[in-house]
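Right, one structure below, let's go through it.
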Amino acid sequence: MAETQHAPSTEDISTEVQVARARLAALRQDPRVIVHERTTDEPYEPVIQGTPEMDVLEVLGRRDDLDELPDDPA
Amino acid sequence: MRDRPPPAEIYLDTSIFVAAIVRTAPHRTACTSFCQRLIAADSQIYFSQFVRLELLQALRRLATTQHNIAPAVRAQYGLDRWGDDPVVRRNWLEAGTAQFAALLARFRAAVELPWSASMWRATMGIMIRHGLQAQDALHVATAQEWGLHALAAVDADYRRVPALDFWLIRD
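Heads up: the protein sequence lines correspond to chains A and B, in order. Each residue of the first sequence is one higher than the one before, starting from 653 at the first, in this note's numbering. Each residue of the second sequence is one higher than the one before, starting from 19 at the first, in this note's numbering.
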């Protein structure tokens with residue numbers, strides 16, 4: 653589930669793609685940036701088996717915040 | 019919303035990668051589904067080089083806590099010997115980073131963005147304005163430095179930044 657603001661029109665999407673492609677073309681010329689290209693069309697399937705108890709934010713060390721939003725579902 | 023088309027370009031927080039590469043992890047279904055939508059739409063993804071550091075720490079945390087990884091996998095990698103055996107540490111970290119690389123290889127373009135001193139200042143400014151933790155603020159600063167508005171995460175704290183086109187990805 654993802655939060656959203658509005659559904660973009662087809663014209664918005666076309667412009668968005670053009671902007672994105674132009675940005676990528678420029679970044680390809682920037683030596684500080686690494687662009688990883690697609691090398692496979694196979695579906696991704698992880699091999700590391702976790703548990704239902706795993707807490708992604710705890711694993712990332714982001715559970716020490718005493719100032720969480722009041723309605724934060726986390 | 020599932021009906022919302024995936025953006026042409028989006029910054030991914032480390033939480034998306036970590037949830038996606040661990041099978042059965044909470045939010046893994048949502049994160050994998052979201053990544054598949056980005057892949058199918060030929061969306062470009064962006065991430066900070068800092069993701070690589072956070073990923074290593076997350077892999078270490080997964081290995082050194084009992085409740086996060088399935089017992090069979092813990093036994094397979096010998097994770098109970100984590101503190102004593104560098105071979106165990108190498109095998110686990112290499113397996114985890116290989117999963118990250120395998121996921122990146124599916125996207126049309128996965129763009130790895132560098133950090134800088136100016137972004138450190140911007141990170142502090144975001145911490146001041148929005149009360150985020152440093153890691154979260156760094157990701158926002160990186161996205162904004164490179165002109166990216168869409169950011170996806172499992173971490174809801176990003177809602178504090180109204181300028182973001184924030185995608186909260188959860189099961």
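Ideal Cβ positions, reconstructed from N, Cα and C, are used throughout, including at glycine.
Assignment of H85/B by DSSP, reduced to helix, strand and coil, places it in the coil class. Rounded to the nearest angstrom, the Cβ distance from A128/B to L122/B is 4 angstroms, consistent with a contact under 8 angstroms.
Burial of Q153/B is indicated by the presence of at least 16 other C-beta atoms within 10 angstroms of its C-beta. V669/A is positioned such that its CB atom lies closer than 8 angstroms to that of A26/B. The three-state secondary structure of D183/B, taken from DSSP, is strand.
With a contact defined as Cβ atoms closer than 8 angstroms, V172/B and A76/B miss out at about 12 angstroms. In the three-state reduction of the DSSP assignment, A123/B falls in the coil class.
Among the residues of the region 151 to 183 of chain B, those with a Cβ less than 9 angstroms away from any Cβ of chain A are Q151, Q153, D154, W164, G165, L166, A170, V172, D173, A174, D175, R177, R178, D183, in the order of the chain. Under DSSP, V687/A takes part in a beta bridge, and its partners are V129/B. Contacts with chain A (Cβ-Cβ distance below 7 angstroms) from the region 59 to 79 of chain B involve Q62, E72, Q75, A76, R79, listed in chain order.
In the structure shown, G143/B adopts helical secondary structure according to DSSP, grouped into three states. Between A58/B and D102/B, the alpha-carbon positions lie close to 43 angstroms from each other.
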